[in-house]
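Enquirer: Residue numbering for the sequence shown follows the numbering used here, beginning at 102 and increasing consecutively. The C-beta atom is built at its ideal place from N, Cα and C for all residues, glycine as well.
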Amino acid sequence: MRIVLVGPPGAGKGTQATRLAETLHIPHISTGDLFRANISQQTELGKLAKSYMDAGNLVPDEVTIAMAKDRMEQPDAEGGFLLDGFPRNVSQAEALDELLETEDMKLDAVLDLEAPEDEVVKRIAGRRVCRNDSAHVFHVTYTPPKKEGVCDVCGGELYQRDDDSEETVRKRLEVYHTQTEPIIDYYKSQGLVATIAATGPVDEVTRRALEALKRDQ
Ligand code: AP5
Numbered sequence: 102m103r104i105v106l107v108g109p110p111g112a113g114k115g116t117q118a119t120r121l122a123e124t125l126h127i128p129h130i131s132t133g134d135l136f137r138a139n140i141s142q143q144t145e146l147g148k149l150a151k152s153y154m155d156a157g158n159l160v161p162d163e164v165t166i167a168m169a170k171d172r173m174e175q176p177d178a179e180g181g182f183l184l185d186g187f188p189r190n191v192s193q194a195e196a197l198d199e200l201l202e203t204e205d206m207k208l209d210a211v212l213d214l215e216a217p218e219d220e221v222v223k224r225i226a227g228r229r230v231c232r233n234d235s236a237h238v239f240h241v242t243y244t245p246p247k248k249e250g251v252c253d254v255c256g257g258e259l260y261q262r263d264d265d266s267e268e269t270v271r272k273r274l275e276v277y278h279t280q281t282e283p284i285i286d287y288y289k290s291q292g293l294v295a296t297i298a299a300t301g302p303v304d305e306v307t308r309r310a311l312e313a314l315k316r317d318q
């Protein structure tokens, strides 16, 4: 399956993508994680991306599309993928359509995760991520690690993302409403969107997502 996950920052895209990718046996491709890996490796792309990410803005389309294309062309993505955080505006969605068309492929579904703004702000404020593996995500209140500051899975150090400050989160939400939300209508016109509530226990959200995907098959 080829799936796109959409939703505001903190809706739980990364949390759900890890679980869905495992169940559906497809790679989880997160442009945010790819940028963060470049930042920690101090590549030129990482240096460029950091200035945009720290301000809560989108990284320019040209470099983002090239990076996503390169990742989607890896052998493990031949049978499908779950895109998290890409596309993030209509020009990226059009570029993805073009790319899929040249390969004679198409998307199967766009999962739209809905969550109220006060909830996503709380989720982001309490999020802690493992330095060793960005798939290991905790929340100081909702899903706290057994030992403060230490990843339950691998013992790595937990940290708060640089772009999770309150000011940057407000900016990221504004960017989501103005630039990313329009892709929901873009994909609705292709009959691909399944909207699910991203509130309640994590397992329950995963169940809703899998059910919505089954309906779309
Ligand atoms: P990115 O990394 O994609 O961030 P985001 O979209 O802002 O989303 P988040 O990672 O903040 O949240 P999430 O929805 O994944 O939530 P999570 O599962 O962690 O992008 C970062 C930046 O990179 C962008 O601002 C931009 O600058 C750049 N970028 C990336 N892609 C780009 C693109 N295509 N074009 C241009 N620029 C791009 O959950 C959040 C917290 O809530 C966690 O603590 C989790 O444990 C908790 N939680 C999750 N689910 C639940 C639940 N059901 N109940 C209680 N707590 C929950």
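(1) Can you tell me which residues form a DSSP beta bridge with Phe182?
(2) Going by beta-carbon coordinates alone, are Arg103 and Phe182 separated by less than 8 Å?
(3) Taking Ser235 as the reference, which of Lys207, Cys255, Ala167, Lys247 has the closest Cα?
(4) Let me check understanding here. Comparing Cα to Cα, which of Leu259, Arg189, Leu208, Pro246 lies closest to Asp162?
(5) Could you give the distance in angstroms between the alpha-carbon of Lys247 and the alpha-carbon of Lys272?
(6) Any heavy atom of the ligand AP5 closer than 7 Å to the beta-carbon of Ala167?
(7) Which residues does DSSP pair with Thr244 in a beta bridge?
(8) Taking 8 Å as the threshold (C-beta atoms), are Asp155 and Asp304 in contact?
(9) At a threshold of 7 Å, does Ser131 count as lining the ligand AP5 (C-beta to nearest heavy atom)?
(10) Where does the unbroken beta strand (DSSP E) through Leu212 begin, and where does it stop?
Expert: By the coordinates alone:
(1) Counting from one through the sequence shown, the residue named residue 182 turns up at place 81. Paired residues: Arg103.
(2) Residue mapping note: residue 103 aligns to position 2 of the sequence shown, counting from 1. Residue mapping note: residue 182 aligns to position 81 of the sequence shown, counting from 1. Cβ atoms of Arg103 and Phe182: closer than 8 Å.
(3) On the sequence shown, residue 235 is found 134 positions in, with the first residue counted as 1. Measuring from the Cα of Ser235, the nearest candidate turns out to be Cys255.
(4) Residue numbering aside, residue 162 sits at position 61 when the sequence shown is read from its first letter. The residue with the shortest Cα to Cα distance from Asp162 is Arg189.
(5) Residue 247 sits at position 146 when you count from the first residue of the sequence shown. Residue 272 sits at position 171 when you count from the first residue of the sequence shown. About 32 Å.
(6) Here the question's residue 167 lines up with position 66 in the sequence shown. Ala167 Cβ: outside cutoff for every heavy atom of the ligand AP5.
(7) Reading the sequence shown from its first residue, position 143 is the one you call residue 244. Thr244 pairs with His240.
(8) Locating residue 304 in the sequence shown gives position 203, counting from the first residue. Locating residue 155 in the sequence shown gives position 54, counting from the first residue. Going by C-beta atoms, Asp304 is not nearer than 8 Å to Asp155.
(9) Here residue 131 corresponds to residue number 30 of the sequence shown, with the count starting at 1. Ser131: yes, Cβ under 7 Å from the ligand AP5.
(10) Here residue 212 refers to the residue found at position 111 when the sequence shown is read from its first residue. That run of the beta strand (DSSP E) goes 210-215.
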